[in-house]
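A quick write-up on the structure given underneath.
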Amino acid sequence: MGTNGSTMLEPLRQGLPPLDPAAVSNAASCALPARYEAVREARQFTRRTLDQWELGYRFDDVCLVVSELVTNALRHALPASAQRMAEQTPPVRLHLMRWTERLVCAVRDPSHDSPVARDSDDFSAESGRGLFLVDSFSDSWGWHPLAGTLSGKVVWALFRLQAGQSAPAGSAD
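According to numbering that gives the first Met the number 0, the sequence shown is numbered sequentially starting from 0.
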């Protein structure tokens with residue numbers, strides 16, 4: 000029990016939805032390189048983590064949202080010098096946090112620009128749909144600039160979980 004994830008959450012506390020960081024039952028995070036392979040790494044990390052937490056039944060939705068948030072961070076939030084910067088500190092970090100009935104995925108990046116959902120009538124357009132997908136597949140999402148010594152922002156998405164349930168009802172067929 001105790002504070003397994005709360006010190007790690009300290010820099011994120013400002014940017015998260017109103018959930019008590021001390022009540023987190025599980026927390027995991029991974030640093031992601033400033034390369035597009037980071038999206039695959041983020042998906043693999045998410046799968047391993049949700050399997051450990053017996054939340055595999057939420058993997059598809061969560062993974063889609065994680066992919067979009069990480070892609071946005073890589074595409075829009077990294078300065079051109081990110082390759083050099085990446086050697087000192089990985090610029091993008093994915094956090095997964097679980098409360099009893101909530102799962103939050105949060106992606107931290109070095110940009111201060113707010114994430115913008117672009118209006119697009121062209122549904123085949125690759126760019127600009129990400130935040131619509133995040134909005135559709137998560138229960139809520141938001142972002143917050145980081146405070147203190149950390150610069151950048153956190154973009155988070157929240158998923159509701161069924162209490163005490165590790166698989167959807169009626170999935171025994």
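Even glycine gets a Cβ: it sits at the ideal position worked out from N, Cα and C.
message: Ignoring anything shorter than 3 residues, give me the beta strand (DSSP E) runs that lie fully in the stretch 12 to 77, in order along the chain.
response: 25 to 31
query: From Thr130 to His111, what does the alpha carbon distance come to, in whole angstroms?
result: Numbered from 1 along the sequence shown, position 131 holds the residue referred to as residue 130. Numbered from 1 along the sequence shown, position 112 holds the residue referred to as residue 111. Looking at the sequence provided, one finds Leu at residue 130 rather than Thr. Taking the straight line joining both Cα atoms gives about 17 Å.
query: Looking only at C-alpha atoms, which of Leu145, Phe44, Ala21 sits nearest to Ala27?
result: Here residue 27 is taken as the residue at index 28 of the sequence shown, counted from 1. The shortest Cα separation from Ala27 among Leu145, Phe44, Ala21 belongs to Phe44.
query: To the nearest whole angstrom, what separates the beta carbons of Arg128 and Ser24, a pair I think is in contact under 8 Å?
result: Taking the sequence shown and counting its residues from 1, one reaches residue 128 at position 129. Taking the sequence shown and counting its residues from 1, one reaches residue 24 at position 25. The Cβ separation is near 33 Å, so there is no contact.
query: Which one of Thr99, Trp155, Val91 has the shortest CA to CA distance from Trp52?
result: By one-based count along the sequence shown, residue 52 stands at place 53. Here the closest residue by C-alpha is Thr99.
query: Going along the chain, which residues of its own chain have a beta-carbon closer than 6 Å to the beta-carbon of Cys29, five neighbours each way excluded?
result: The residue labelled residue 29 in the question sits at position 30 within the sequence shown. Phe44, Leu93.
query: Per DSSP, Ser139 is paired with what?
result: Here residue 139 refers to the residue found at position 140 of the sequence shown. According to DSSP, Ser139 bridges with Leu157.
query: Which same chain residues, not among the five before or five after Ala72, have their C-beta less than 6 Å away from its C-beta?
result: For the purposes of this step, residue 72 is taken as residue 73 along the sequence shown, with counting starting at 1. Val91, Val106, Asp108.
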